[in-house]
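Engineer: Per the numbering used here, residue 1 is the first one in the sequence shown, and the count goes up by one each step.
By construction, the Cβ of each residue, glycine as well, lies at the ideal position given by its N, Cα and C atoms.
Just so it is clear, the structure is predicted and the values come from calculations on it, not from any experiment.
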Amino acid sequence: MDATIKMMIQGYIDGLDNMHTDDESIKKEVEDYKKELIAFGESQNDPATFFPKFQDSGLMGKYMDLATKITMAAQTKQQDSPSEQPKKHIATPSKWLEPFRTSYDYIKNLPIRERGLAVYRKLFEIGDRHTYITEFLTEVEKENLLWKITSEDTLGILNISLSGMDPLYKGLTYPVRKNIEAWENSICEADAYYLQDRLAEDVARNSQKLLQKELFVIQLGLHLMIYRGPKGKEGLMEMIATGHCPRIEFMGKASAMAVGKMQARRTLDIIKKVFGITFDDIIADEFLKYKLISTANVCGLSKAYVQSNANILDILADAVHNEIIPDISLIDAIRREPSVKFGRWRMPEDSEHAKAEAMARNHFQDLPYFKYEDQLKSASFHVGTGEGFDIKPLG
1 MDATIKMMIQ GYIDGLDNMH TDDESIKKEV EDYKKELIAF GESQNDPATF FPKFQDSGLM
61 GKYMDLATKI TMAAQTKQQD SPSEQPKKHI ATPSKWLEPF RTSYDYIKNL PIRERGLAVY
121 RKLFEIGDRH TYITEFLTEV EKENLLWKIT SEDTLGILNI SLSGMDPLYK GLTYPVRKNI
181 EAWENSICEA DAYYLQDRLA EDVARNSQKL LQKELFVIQL GLHLMIYRGP KGKEGLMEMI
241 ATGHCPRIEF MGKASAMAVG KMQARRTLDI IKKVFGITFD DIIADEFLKY KLISTANVCG
301 LSKAYVQSNA NILDILADAV HNEIIPDISL IDAIRREPSV KFGRWRMPED SEHAKAEAMA
361 RNHFQDLPYF KYEDQLKSAS FHVGTGEGFD IKPLG
């Protein structure tokens with residue numbers, strides 16, 4: 001299962017586990033729901049589309065139904081059935097709060113649940129101020145605390161997830177931000193249903209559009225790397241410099257240059273027509289420019305990366321502006337001495353990944369997502385870039 005999706009699935013499972021109930025029928029519903037939730041998570045592989053699909057599947061609604069059912073069962077647990085006893089037992093606020101204290105004690109040492117814990121503490125503070133159950137429940141209702149136990153806990157989990165994401169990666173963060181907005185504006189279960197439906201429409205309309213731009217830029221980068229890299233011009237330059245030019249190998253690299261150039265020009269044209277941006281706009285964009293090159297994540301949700309050649313963007317820009325856009329001939333392109341040269345073409349070594357990971361961990365050590373990454377059972381997930389730690393080329 002994708003690491004980001006796994007983290008979100010685990011958050012919903014933990015939320016239900018922390019709402020204890022003695023009702024065996026509800027327990028069975030919860031266990032059945034967990035299995036359904038895990039199966040759904042395993043069927044998904046794109047965090048950017050997880051939330052709309054989660055809502056469309058009806059699992060979001062089932063989650064809220066179960067949370068409400070558990071809460072209502074907790075409220076009535078201490079009341080005696082009229083058919084069993086002639087007199088009703090009127091619970092005190094303290095007695096009524098017993099199941100909530102059990103849940104609180106279970107999660108109070110989990111700082112990632114602080115938003116939900118704060119609601120529990122507010123509930124207990126109100127209980128300490130009242131002697132009569134009616135007055136207590138009236139204030140609880142005014143504060144909407146029973147709903148906030150669910151909504152605030154969910155918001156805590158969502159915000160922790162967001163804290164680990166690259167803020168520049170809008171295609172991934174957009175659904176999470178909108179989901180947070182929907183939960184913040186929900187004041188009851190029905191309200192949440194309505195806002196989640198609106199959210200699904202919004203994410204389907206806007207998130208995919210953000211992702212499309214990124215995907216086209218990634219394609220452009222691949223075409224440019226074929227044209228300018230070891231399989232293309234860089235390889236030909238090395239062959240000419242060494243005097244070792246086997247005909248078949250030379251023609252293969254020249255062919256790669258021709259194909260890479262044709263595909264790069266076509267992709268640039270599509271990006272300009274569809275998104276209204278040029279290659280220079282891509283280079284000026286702090287997120288998109290790194291989608292042109294080969295990067296590898298070293299921590300969490302793409303907060304940090306390593307790359308092979310520190311000057312790769314300048315190399316690609318040189319090729320685009322002086323060879324591809326001017327559409328010079330293949331012979332002229334091969335003969336042309338580039339203004340920017342490779343250092344040493346290679347991928348980062350394991351020791352460099354370890355160094356970058358240590359730097360990233362130190363830099364982001366105060367972020368909740370990274371601080372509690374192990375607890376959230378999450379792992380590194382390759383989604384993009386943002387703040388980077390370049391590994392300089394050797395030699």
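Could you tell me the boundaries of the beta strand (DSSP E) in which Ala304 lies?
Structural biologist: Indexing the sequence shown from 1 puts residue 304 at position 304. First-last of the beta strand (DSSP E) with Ala304: Ala304 to Gln307.
Engineer: If I measure Cβ to Cβ from Ser186 and keep anything under 7 angstroms in the same chain, skipping five residues before and after, which residues do I get?
Structural biologist: For this step, residue 186 is matched to residue 186 along the sequence shown. Excluding sequence neighbours, Ser186 sits near Ser151, Ala192 and Leu195.
Engineer: Is the Cβ-Cβ distance between Leu288 and Glu352 less than 9 angstroms?
Structural biologist: Position 288 of the sequence shown, counted from the start, is the residue given in the question as residue 288. Position 352 of the sequence shown, counted from the start, is the residue given in the question as residue 352. In this structure, Glu352 does not lie closer than 9 angstroms to Leu288 by Cβ.
Engineer: Starting from Met165, follow its DSSP beta bridges and name the residues at the other end.
Structural biologist: The count along the sequence shown starts at 1 and reaches residue 165 at position 165. Per DSSP, Leu301.
Engineer: Counting C-beta neighbours from all protein chains within 10 Å, is the total for Asp366 16 or more, i.e. buried, or is it exposed?
Structural biologist: Within the sequence shown, residue 366 is the residue found at index 366, counting from 1. That one is exposed.
Engineer: Would you call Gln212 buried or exposed, if buried means 16 or more other Cβ atoms sit within 10 Å of its Cβ?
Structural biologist: As a first step, residue 212 must be located in the sequence shown, where it is residue number 212. Label assigned to Gln212: exposed.
Engineer: CB Leu292 to CB Ile312, shorter than 9 angstroms?
Structural biologist: Taking the sequence shown and counting its residues from 1, the one referred to as residue 292 is at position 292. Taking the sequence shown and counting its residues from 1, the one referred to as residue 312 is at position 312. In this structure, Ile312 lies closer than 9 angstroms to Leu292 by Cβ.
Engineer: Between the alpha carbons of Met1 and Lys35, how many angstroms are there, rounded?
Structural biologist: Here residue 1 corresponds to residue number 1 of the sequence shown, with the count starting at 1. Here residue 35 corresponds to residue number 35 of the sequence shown, with the count starting at 1. Cα to Cα, Met1 sits roughly 14 angstroms from Lys35.
Engineer: Is it the case that the Cβ atoms of Tyr305 and Gly164 are separated by a distance below 9 angstroms?
Structural biologist: The sequence position of residue 305 within the sequence shown is 305, counting from 1. The sequence position of residue 164 within the sequence shown is 164, counting from 1. No, they are not a contact pair.
Engineer: Please return the same chain residues whose Cβ sits closer than 8 angstroms to the Cβ of Gln85, not counting the five positions on each side in sequence.
Structural biologist: For the purposes of this step, residue 85 is taken as residue 85 along the sequence shown, with counting starting at 1. Note that Gln85 scores a pLDDT of 45, beneath 50, so its modelled location is shaky; the value from the coordinates is reported in the next line. None.
Engineer: Going straight from the alpha carbon of Thr267 to that of Glu181, what length do you get?
Structural biologist: Counting from one through the sequence shown, the residue named residue 267 turns up at place 267. Counting from one through the sequence shown, the residue named residue 181 turns up at place 181. Each residue's Cα considered, the two are about 35 angstroms apart.
Engineer: Any idea what DSSP makes of Ala296, helix, strand or coil?
Structural biologist: Your numbering for residue 296 matches position 296 in the sequence shown. Note: Ala296 maps to strand in three-state DSSP.
Engineer: Would you be able to state if there are at least three C-beta pairs under 8 angstroms between the stretch 241-260 and the stretch 222-230?
Structural biologist: Because the criterion of three Cβ pairs below 8 angstroms is met, the stretch 222-230 and the stretch 241-260 touch.
Engineer: Return the first residue and the last residue of the alpha helix (DSSP H) that Ser207 is part of.
Structural biologist: The count along the sequence shown starts at 1 and reaches residue 207 at position 207. Start and end: Glu189 to Arg228.
Engineer: Ordered along the chain, which non-local residues of its own chain (more than five positions away) have a Cβ less than 8 angstroms from that of Leu236?
Structural biologist: Taking the sequence shown and counting its residues from 1, the one referred to as residue 236 is at position 236. Result list for Leu236: Phe250, Lys253, Ala254, Met257 and Ile334, in chain order.
Engineer: Report, in whole angstroms, the separation of the C-beta atoms of Ala284 and His223, which I expect to be a contact under 8 angstroms.
Structural biologist: Along the sequence shown, one-based indexing puts residue 284 at 284. Along the sequence shown, one-based indexing puts residue 223 at 223. Incorrect: roughly 20 angstroms between the Cβ atoms, too far for contact.
Engineer: Would Val274 and Phe364 be called neighbours here (beta carbons separated by less than 9 angstroms)?
Structural biologist: Here the question's residue 274 lines up with position 274 in the sequence shown. Here the question's residue 364 lines up with position 364 in the sequence shown. Against a cut-off of 9 angstroms, the Cβ pair of Phe364 and Val274 comes out as no contact.
Engineer: Express the C-alpha separation of Ile277 and Ala354 in angstroms, rounding to a whole number.
Structural biologist: In the sequence shown, the residue the question calls residue 354 occupies position 354. In the sequence shown, the residue the question calls residue 277 occupies position 277. Whole-angstrom Cα-Cα distance: 36 angstroms.
Engineer: Find out if the Cβ-Cβ distance for the pair Lys178, Asp153 is shorter than 9 angstroms.
Structural biologist: Against the sequence shown, residue 178 aligns to sequence position 178. Against the sequence shown, residue 153 aligns to sequence position 153. No, these two residues do not count as a Cβ contact at 9 angstroms.
Engineer: Starting from Asp314, follow the alpha helix (DSSP H) in both directions and report where the run begins and ends.
Structural biologist: Counting from 1 along the sequence shown, the entry for residue 314 is found at position 314. Where Asp314 is concerned, the enclosing alpha helix (DSSP H) stretches over Ile312 to Ala319.
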